[in-house]
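For reference, the structure is listed below as structure tokens.
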Amino acid sequence: MEEIVNLFHGFAVVVQPFNLLLMVIGILLGVMIGVLPGLGGANGVAILLPLTFSMSPTSAIIMLSCIYWGALFGGAITSILFNIPGEPWSVATTFDGHPMAQQGRAGEALTAAFTSSFVGALFAVIVITLVAPLVAKFALQFGPAEKFAVFFLAFCSFIGMGKEPPFKTVAAMMIGFALAAVGMDSVTGQLRLTFGFTEMLNGFDFLIAVIGLFGIGEILLTMEEGLAFRGRAAGINLKVVIQTWKELPRYWMTSIRSCLIGCWMGISPAGATPASFMSYGIAKRTSKRGDNFGKGEIEGVIAPETAAHAAGTAALLPMLSLGVPGSPTAAVLLGGLLIWGLQPGPLLFVEQKEFVWGLIASMYVGNLVGLIVVLTCVPLFAAILRVPFSIIAPNILVLCAIGAYSVHNSAFDVVLMLVFGVIGYLMKKCNYPMAPLVLAIVLGDRAEEAFRQSLLGSQGSLSVFWSNGLVGTIMALGLIALFWGLISEGWARAKALLPRSAL
Amino acid sequence: MSDISPGHSGGPSQRTMEIGVCVATAVFGAIVIIGSLKVGIGWGSEGPKSGFFPFCVGLMIILSSVMNLLQAWPSDRRSRFADWGQLRQVMSVLVPTAIYVVAIPYIGIYVASVALIGSFMRWLGHYRWPLTAAIAIGVPIAVYLMFEKFFLVPLPKGPLEEFLNL
Numbered sequence: 001m002e003e004i005v006n007l008f009h010g011f012a013v014v015v016q017p018f019n020l021l022l023m024v025i026g027i028l029l030g031v032m033i034g035v036l037p038g039l040g041g042a043n044g045v046a047i048l049l050p051l052t053f054s055m056s057p058t059s060a061i062i063m064l065s066c067i068y069w070g071a072l073f074g075g076a077i078t079s080i081l082f083n084i085p086g087e088p089w090s091v092a093t094t095f096d097g098h099p100m101a102q103q104g105r106a107g108e109a110l111t112a113a114f115t116s117s118f119v120g121a122l123f124a125v126i127v128i129t130l131v132a133p134l135v136a137k138f139a140l141q142f143g144p145a146e147k148f149a150v151f152f153l154a155f156c157s158f159i160g161m162g163k164e165p166p167f168k169t170v171a172a173m174m175i176g177f178a179l180a181a182v183g184m185d186s187v188t189g190q191l192r193l194t195f196g197f198t199e200m201l202n203g204f205d206f207l208i209a210v211i212g213l214f215g216i217g218e219i220l221l222t223m224e225e226g227l228a229f230r231g232r233a234a235g236i237n238l239k240v241v242i243q244t245w246k247e248l249p250r251y252w253m254t255s256i257r258s259c260l261i262g263c264w265m266g267i268s269p270a271g272a273t274p275a276s277f278m279s280y281g282i283a284k285r286t287s288k289r290g291d292n293f294g295k296g297e298i299e300g301v302i303a304p305e306t307a308a309h310a311a312g313t314a315a316l317l318p319m320l321s322l323g324v325p326g327s328p329t330a331a332v333l334l335g336g337l338l339i340w341g342l343q344p345g346p347l348l349f350v351e352q353k354e355f356v357w358g359l360i361a362s363m364y365v366g367n368l369v370g371l372i373v374v375l376t377c378v379p380l381f382a383a384i385l386r387v388p389f390s391i392i393a394p395n396i397l398v399l400c401a402i403g404a405y406s407v408h409n410s411a412f413d414v415v416l417m418l419v420f421g422v423i424g425y426l427m428k429k430c431n432y433p434m435a436p437l438v439l440a441i442v443l444g445d446r447a448e449e450a451f452r453q454s455l456l457g458s459q460g461s462l463s464v465f466w467s468n469g470l471v472g473t474i475m476a477l478g479l480i481a482l483f484w485g486l487i488s489e490g491w492a493r494a495k496a497l498l499p500r501s502a503l
Numbered sequence: 504m505s506d507i508s509p510g511h512s513g514g515p516s517q518r519t520m521e522i523g524v525c526v527a528t529a530v531f532g533a534i535v536i537i538g539s540l541k542v543g544i545g546w547g548s549e550g551p552k553s554g555f556f557p558f559c560v561g562l563m564i565i566l567s568s569v570m571n572l573l574q575a576w577p578s579d580r581r582s583r584f585a586d587w588g589q590l591r592q593v594m595s596v597l598v599p600t601a602i603y604v605v606a607i608p609y610i611g612i613y614v615a616s617v618a619l620i621g622s623f624m625r626w627l628g629h630y631r632w633p634l635t636a637a638i639a640i641g642v643p644i645a646v647y648l649m650f651e652k653f654f655l656v657p658l659p660k661g662p663l664e665e666f667l668n669l
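Rendered as structure tokens:
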């Protein structure tokens with residue numbers, strides 16, 4: 001097996017002392033990002049991305065992906081101890097995690113959360129190891145029409161499967177595409193939509209948008225809610241950990257099911273948040289102790305955490321093999337690839353073997369390192385959480401400004417970041433999703449290029465998107481995803497009608 | 504923002520804000536369409552012209568804005584977006600941050616950060632001067648060491664840094 005050999009080469013790269021150090025730094029930064037309000041996976045990685053400009057791409061991606069794992073782990077800490085989900089995907093963890101902490105079983109809940117996170121991620125990494133090279137090999141045959149069809153599928157899934165109103169998703173997404181189009185046209189080199197402003201020649205950088213929308217917007221929201229922390233003490237020691245570990249294998253069925261849900265939702269760009277809710281819901285329905293859910297049931301912590309971590313990890317599969325990220329954070333990592341001069345997509349597996357397998361190997365090692373770090377450092381992170389928001393907020397604002405400035409060394413970008421922050425606040429309050437906007441800014445140019453090249457090949461006829469079985473299938477899947485809401489609603493109605501007519 | 508329902512502490516209604524956002528997205532869509540028309544939306548020597556794709560995008564923005572508007576119009580007039588007290592909280596972050604952002608090119612990011620963190624902690628958090636000063640000065644110094652010395656990322660500097668020859 002060529003892949004196994006490559007993977008072991010990857011491990012050799014990853015376990016170099018410098019890379020291991022970056023890994024620990026990344027996990028620590030990531031957990032802090034996950035724990036602090038106003039900093040999330042996407043904007044945390046975006047702020048710290050400029051730090052990696054001087055590193056080799058492999059070291060850089062190791063550190064950034066570890067920040068991502070750290071953020072995934074960190075969300076559980078705030079949910080369980082403070083009943084505040086640090087990340088949207090850990091909302092479901094609060095349902096049973098916080099009651100457990102109130103009963104004095106915080107250590108147990110945290111151990112269960114971290115361990116299931118690890119299991120979920122491990123499962124997803126194994127899926128990536130086995131499936132990603134095959135997908136990439138398959139995708140190498142793609143022409144421009146197929147490439148556009150894949151983008152079409154990704155964006156349609158957002159519209160059809162998101163929980164926000166579909167037209168709000170469309171509006172947010174299209175605004176992202178429009179922002180991506182500003183500046184130089186990547187096909188003809190012509191300037192467009194700049195309206196004579198020199199600041200807009202280079203277009204809008206998605207990193208600025210991410211930092212503004214997610215970072216500043218989140219701070220404004222938190223200020224509005226007037227957040228006060230009232231947390232539980234976290235006692236976690238080896239005895240509790242081992243005791244909980246002994247108990248966990250009993251819930252193997254929940255774990256496997258949550259892993260599968262997570263992987264599926266992560267690969268289709270639905271993301272970690274719906275995955276965690278869905279997994280929690282199904283666990284509640286199928287568990288023997290389902291009535292106890294919400295009152296501090298350990299299974300209610302295992303299910304959402306496993307699914308969220310599996311989804312968060314699986315989101316990297318389409319990013320690596322197709323160049324289509326499955327989540328905003330994966331989109332930021334993809335943007336990082338572009339900055340380091342790598343072309344994301346199937347060719348990565350051929351041209352940048354060392355990089356790809358280094359990344360995959362770092363997922364294995366990073367999650368293991370992460371598990372150890374979070375289990376040992378919980379009291380430290382809980383202490384960070386007790387720092388009042390009026391101290392944290394200005395420091396996060398400063399960090400956001402530094403991150404925004406250092407992307408292009410431009411002070412105008414900092415102003416832009418604040419504008420995006422206000423937009424993000426309004427969008428969030430009016431229930432517009434931000435992930436499709438960010439994804440559209442990242443992928444806009446490439447989606448447009450694929451679209452125009454396909455049309456050029458077909459002399460302007462849209463039939464090129466149905467010209468062969470492959471592209472037709474992907475487009476059809478896209479349409480199904482697009483109208484998924486209508487289809488499932490119709491299905492539910494039909495099911496409700498049938499028994500009545502049978503009576 | 505005239506929809507203040509009687510009997511409550513007041514604030515703009517969710518409906519007003521929703522409609523406002525729809526109008527804003529529609530205006531944005533119109534700007535995109537105008538910009539696209541300027542560069543041409545037809546068929547050029549290299550396939551569709553530069554304006555073609557953004558033109559379609561602009562049309563979709565206007566279409567979805569209209570749909571969102573139709574959905575927001577009949578919604579409940581009484582549910583509030585936020586009350587004035589909450590919005591004042593938001594402004595108390597937004598205004599200092601706006602000043603901070605504008606000041607960065609002139610006085611550098613470090614001095615501006617000291618001022619932002621310091622004023623925030625002193626006037627919003629009501630902390631004593633020693634703690635305020637320690638964090639307001641300590642954090643920028645830590646940032647300086649981490650970014651400029653360890654990761655070699657230059658940040659904007661002002662007259663003070665020039666004077667100190669950093």
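Keeping their order, the protein sequence lines are chains X and Z. Residue numbers for the first sequence follow our numbering, so the first one is 1 and each next one is one higher. Residue numbers for the second sequence follow our numbering, so the first one is 504 and each next one is one higher. Note that beta-carbon positions come from the ideal geometry of N, C-alpha and C, so glycine has one too.
{"Query": "For Met265/X, the three-state DSSP class (helix, strand or coil)", "Result": "helix"}
{"Query": "For Arg250/X, the three-state DSSP class (helix, strand or coil)", "Result": "helix"}
{"Query": "Closer than 8 angstroms to chain X by CB, Val596/Z", "Result": "yes"}
{"Query": "Candidates Val614/Z, Gly538/Z, Tyr630/Z, of which the one nearest Gly183/X by Cα", "Result": "Gly538/Z"}
{"Query": "Interface residues of the stretch 138-152 of chain X facing chain Z [CB-CB below 7 angstroms]", "Result": "none"}
{"Query": "Ranges of the alpha helix (DSSP H) found wholly within the stretch 397-436 of chain X, counting only runs of at least 4", "Result": "411-429"}
{"Query": "Burial state of Ile612/Z (16 or more Cβ within 10 Å)", "Result": "buried"}
{"Query": "Bridge partners - Arg257/X, DSSP secondary structure assignment", "Result": "DSSP, once it has assigned bridges, lists no residue as partnering Arg257/X."}
{"Query": "Nearest residue (CA-CA) to Glu225/X, options Trp632/Z, Asp586/Z, Phe653/Z", "Result": "Asp586/Z"}
{"Query": "Nearest-angstrom Cα separation, counted from Leu634/Z out to Gly326/X", "Result": "43 angstroms"}
{"Query": "Members of the stretch 424-458 of chain X near chain Z, C-beta cut-off 8 angstroms", "Result": "Tyr425, Leu426, Met427, Lys429, Cys430, Tyr432, Glu448, Phe451, Arg452, Gln453, Leu455, Leu456"}
{"Query": "Trp546/Z - partner residues in DSSP beta bridges", "Result": "Pro551/Z"}
{"Query": "Short CB-CB distance (under 8 angstroms) between Thr600/Z and chain X", "Result": "yes"}
{"Query": "Beta-carbon proximity of Pro318/X to Ile267/X, cut-off 8 angstroms", "Result": "yes"}
{"Query": "8 angstroms Cβ cutoff, Thr58/X in contact with chain Z", "Result": "no"}
{"Query": "Neighbourhood of Pro133/X by C-beta, 7 angstroms cutoff - its chain only, sequence neighbours within 5 removed", "Result": "Glu3, Phe349"}
{"Query": "Top-ranked residue by Cα proximity to Asp579/Z, from Ala645/Z, Val656/Z, Pro515/Z", "Result": "Pro515/Z"}
{"Query": "Rounded Cβ spacing between Gly30/X and Gly75/X (contact assumed at less than 8 angstroms)", "Result": "Not confirmed; about 10 angstroms, so no contact."}
{"Query": "For Arg446/X, three-class secondary structure by DSSP", "Result": "helix"}
{"Query": "Proximal chain X residues relative to Leu619/Z, where beta-carbon distance stays under 7 angstroms", "Result": "Pro394, Leu397, Val398"}
{"Query": "Whole runs of the beta strand (DSSP E) within the stretch 158-189 of chain X, excluding any shorter than 3 residues", "Result": "none"}
{"Query": "Which residues DSSP lists as bridging Ser516/Z, in chain order", "Result": "Arg583/Z"}
{"Query": "Boundaries of the alpha helix (DSSP H) in which Val210/X is found, first to last residue", "Result": "206-210"}
{"Query": "Chain-order list of residues whose beta-carbon lies under 6 angstroms from that of Ala149/X (same chain, five-residue window excluded)", "Result": "Val471, Ile474, Met475"}
{"Query": "Environment of Lys147/X [buried if 16+ CB atoms lie within 10 Å]", "Result": "buried"}
{"Query": "Residue closest to Ala154/X, alpha-carbon to alpha-carbon, out of Met173/X, Phe142/X, Phe8/X, Lys163/X", "Result": "Met173/X"}
{"Query": "Beta bridge counterpart(s) of Lys660/Z as assigned by DSSP", "Result": "Gly611/Z"}
{"Query": "Beta-carbon neighbours of Asp185/X, restricted to chain Z and to distances below 7 angstroms", "Result": "Ser553"}
{"Query": "Proximity test, Cβ basis, 8 angstroms: Ser54/X and chain Z", "Result": "yes"}
{"Query": "Residue burial classification, Pro657/Z (beta-carbon count within 10 angstroms, cutoff 16)", "Result": "exposed"}
{"Query": "Same chain, Cβ closer than 6 angstroms to Tyr280/X, neighbours up to 5 away in sequence not counted", "Result": "Ala92, Ala303, Pro304"}
{"Query": "Distance CB(Phe151/X)-CB(Ile441/X) smaller than 8 angstroms", "Result": "no"}
{"Query": "Presumed contact (8 angstroms Cβ cut-off) between Ala71/X and Gly97/X, rounded CB distance", "Result": "Between Gly97/X and Ala71/X the Cβ distance is about 17 angstroms, and since that is not below 8 angstroms, they are no contact."}
{"Query": "Contacts of Met174/X in chain Z (Cβ-Cβ under 7 angstroms)", "Result": "Val560, Met563, Ile564, Ser567"}
{"Query": "Three or more C-beta pairs below 8 angstroms linking the stretch 446-455 of chain X and the stretch 552-563 of chain Z", "Result": "yes"}
{"Query": "Strand pairing of Leu191/X, partner residues [DSSP]", "Result": "Met184/X"}
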